[in-house]
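Residue numbers (our numbering): 747 to 1201.
The beta-carbon is built from N, C-alpha and C at its ideal position, and this holds for glycine as well.
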Ligand SMILES: Cc1cc2nc3c(=O)[nH]c(=O)nc-3n(C[C@H](O)[C@H](O)[C@H](O)COP(=O)(O)OP(=O)(O)OC[C@H]3O[C@@H](n4cnc5c(N)ncnc54)[C@H](O)[C@@H]3O)c2cc1C
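Here you go:
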């Protein structure tokens, strides 16, 4: 595999035990560069290899339903790993510390782990680095062109990262090697991990009963991809119409790493699919998605106003005292109790099925800016709602999408107007020009629940 995917986090003397792969972002047995690297290292050393997962007591606003989705998928991944002679060990507690203790207890040769720029993950990895004694390698298996390689700086727009990604795509868009079952068995044999026990012990609260659109796991992700490529991709140019079912719905699987974006791109190439609709899908899957990891990697305050570009901070500050057309409390927003039926319908869609249509996500976040006492309050409310209710939330795409909508990240200044200043504005009339708003509202707020009036 391409060694430029690997980033050495810690150099040390290798232990005499197995190679460990700590899985915390890319929850899959197939098409996983981190696991591949761990297996190749174990083959080089003639040692067993194991995967390790640690259930943290909490993860941002993730709910029990999100953890359960992850763990259900992990059951399938564990069975696939076991078929390849690789045990999966499950731990509980502070992940970096627990994994370091596990590595020390087994005198692990080295630890390979996933790349993730989010603060919580960086803290976990910091714990691993300070408490482990063996080498630690980070492998970027989320991005096709690894985020640390694509560019060494924060890119300010899609148009600045696009040529860098395109230039390096041919180097990194290679197929995954097929490895034989691991020949060096785990000492004492393998027993199945107690994932059911972890699921039974989930404590994080779930604020609402949600019926997710998609089922967890690698097989379900693969089936979703096939269905999208067979039936929906051809309509992708209509992706901004929330009444049309033409998007991939892959975001939850991509978020949990249950499918590899690289596999998605390879499958499109393998099927020789082409056209404007394909280019536009690949732009979202590769350029926009990798731009999000770039933003979070190079912006430590990716979820705070200080992460906005200077022009956006300045314009929002200048308009901070502008009267708002309405101000809603976090509870009113959460309960979809605003005067705007489209916003209420979008919020209801997210709460009920764990996913809001991508076009509406922009509208939704911009209206939160318009109806909040300050940009900081808006940012906080949008992140909390997105992370709590979206199956694909707690993701660099979410922090970046919200920072784009509220704080002009990766955007330019537009005509100045109240509250927004030069931040791009969206309104109901514009949405009506794009799609049948009433139809969308009726499908999520049928009957007398739909509040139709303006303030
Ligand atoms: C306010 C706001 C919040 C968002 N929150 C999230 C989030 O929490 N998690 C999340 O994964 N995406 C988020 N997005 C980005 C985008 O809306 C979703 O990725 C997309 O709607 C997911 O649906 P899909 O898989 O059917 O997308 P498709 O249109 O089928 O796209 C395929 C994949 O490309 C990627 N992608 C698509 N659009 C974008 C984009 N604008 N930026 C980065 N990557 C993109 C995603 O990984 C997506 O799954 C957010 C966008 C905004 C404006």
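For residue i, three-class secondary structure by DSSP
{"i": "residue 963", "result": "coil"}
{"i": "residue 1200", "result": "For residue 1200, the pLDDT reaches just 36, beneath the cut-off of 50, and the residue's location in the model is therefore unreliable, leaving the point undetermined."}
{"i": "residue 799", "result": "strand"}
{"i": "residue 897", "result": "coil"}
{"i": "residue 948", "result": "coil"}
{"i": "residue 836", "result": "strand"}
{"i": "residue 767", "result": "strand"}
{"i": "residue 816", "result": "helix"}
{"i": "residue 1157", "result": "coil"}
{"i": "residue 873", "result": "helix"}
{"i": "residue 885", "result": "strand"}
{"i": "residue 1163", "result": "strand"}
{"i": "residue 860", "result": "strand"}
{"i": "residue 756", "result": "strand"}
{"i": "residue 1176", "result": "helix"}
{"i": "residue 1185", "result": "helix"}
C-alpha distance - residue i paired with residue j, whole-angstrom precision
{"i": "residue 1197", "j": "residue 1092", "result": "Because residue 1197 carries a pLDDT of 48, less than 50, the predicted location of this residue cannot be relied on, and no value is offered for it."}
{"i": "residue 1175", "j": "residue 1169", "result": "18 Å"}
{"i": "residue 978", "j": "residue 994", "result": "7 Å"}
{"i": "residue 948", "j": "residue 837", "result": "13 Å"}
{"i": "residue 971", "j": "residue 1036", "result": "19 Å"}
{"i": "residue 773", "j": "residue 966", "result": "13 Å"}
{"i": "residue 896", "j": "residue 914", "result": "7 Å"}
{"i": "residue 1190", "j": "residue 936", "result": "48 Å"}
{"i": "residue 886", "j": "residue 1039", "result": "11 Å"}
{"i": "residue 755", "j": "residue 910", "result": "24 Å"}
{"i": "residue 779", "j": "residue 817", "result": "21 Å"}
{"i": "residue 753", "j": "residue 883", "result": "6 Å"}
{"i": "residue 1119", "j": "residue 1076", "result": "11 Å"}
{"i": "residue 823", "j": "residue 839", "result": "21 Å"}
{"i": "residue 1154", "j": "residue 962", "result": "33 Å"}
{"i": "residue 1199", "j": "residue 1143", "result": "With a pLDDT of 39 at residue 1199, under the threshold of 50, the modelled position of that residue is not reliable, and the figure given next carries that caveat. Near 33 Å, if we compare the C-alpha coordinates of residue 1143 and residue 1199."}
{"i": "residue 894", "j": "residue 846", "result": "24 Å"}
{"i": "residue 957", "j": "residue 1072", "result": "31 Å"}
{"i": "residue 850", "j": "residue 758", "result": "13 Å"}
{"i": "residue 1056", "j": "residue 1017", "result": "44 Å"}
{"i": "residue 959", "j": "residue 785", "result": "34 Å"}
{"i": "residue 1029", "j": "residue 891", "result": "13 Å"}
{"i": "residue 945", "j": "residue 747", "result": "35 Å"}
Given residue i as reference, the closest of the options once Cα atoms are compared
{"i": "residue 988", "options": "1047, 967, 772 and 1181", "result": "1181"}
{"i": "residue 1152", "options": "1127, 824 and 1137", "result": "1127"}
{"i": "residue 1053", "options": "802, 832 and 1148", "result": "1148"}
{"i": "residue 1025", "options": "790, 981 and 873", "result": "981"}
{"i": "residue 1100", "options": "765, 862 and 955", "result": "955"}
{"i": "residue 991", "options": "783, 1102 and 849", "result": "1102"}
{"i": "residue 1007", "options": "847, 985 and 1032", "result": "1032"}
{"i": "residue 1236", "options": "999, 1015, 1044 and 814", "result": "Because the chain here runs from 747 to 1201, residue 1236 falls outside it and cannot be looked at."}
{"i": "residue 1134", "options": "1097, 975, 799 and 1090", "result": "1097"}
{"i": "residue 1080", "options": "932, 1057 and 1124", "result": "1124"}
{"i": "residue 877", "options": "868, 864 and 844", "result": "844"}
{"i": "residue 1010", "options": "1022, 1023 and 1027", "result": "1027"}
{"i": "residue 1050", "options": "811, 1112, 1146 and 1005", "result": "1146"}
{"i": "residue 1063", "options": "1087, 1115 and 1045", "result": "1115"}
{"i": "residue 1023", "options": "986, 1117 and 999", "result": "986"}
{"i": "residue 951", "options": "833, 813 and 934", "result": "813"}
> Can you list the alpha helix (DSSP H) stretches of 4 or more residues lying completely in the stretch 1078-1147, in chain order?
Replying inline: You should have 1087-1099, 1104-1116 and 1121-1135.
> At a cut of 8 Å, does the stretch 903-917 reach the stretch 805-813 through at least three beta carbon pairs?
Replying inline: As far as the Cβ criterion goes, the stretch 903-917 does not touch the stretch 805-813, which means the pair count is below three.
> What residue ranges within the stretch 1006-1042 form continuous alpha helix (DSSP H) runs of no fewer than 4 residues, ordered along the chain?
Replying inline: 1007-1016 and 1022-1028, all fully within the stretch 1006-1042.
> With contact counted as at least three CB pairs below 8 Å, one residue from each stretch, are the stretch 761-775 and the stretch 811-829 in contact?
Replying inline: Segments in contact, yes.
> If you pair each beta-carbon of the stretch 846-861 with each one of the stretch 780-793, do three or more pairs fall below 8 Å?
Replying inline: Touching, yes, given that three or more Cβ pairs across the two stretches are closer than 8 Å.
> Does the stretch 1062-1075 come close enough to the stretch 1161-1168 that 3 or more CB-CB pairs lie under 8 Å?
Replying inline: Touching, yes.
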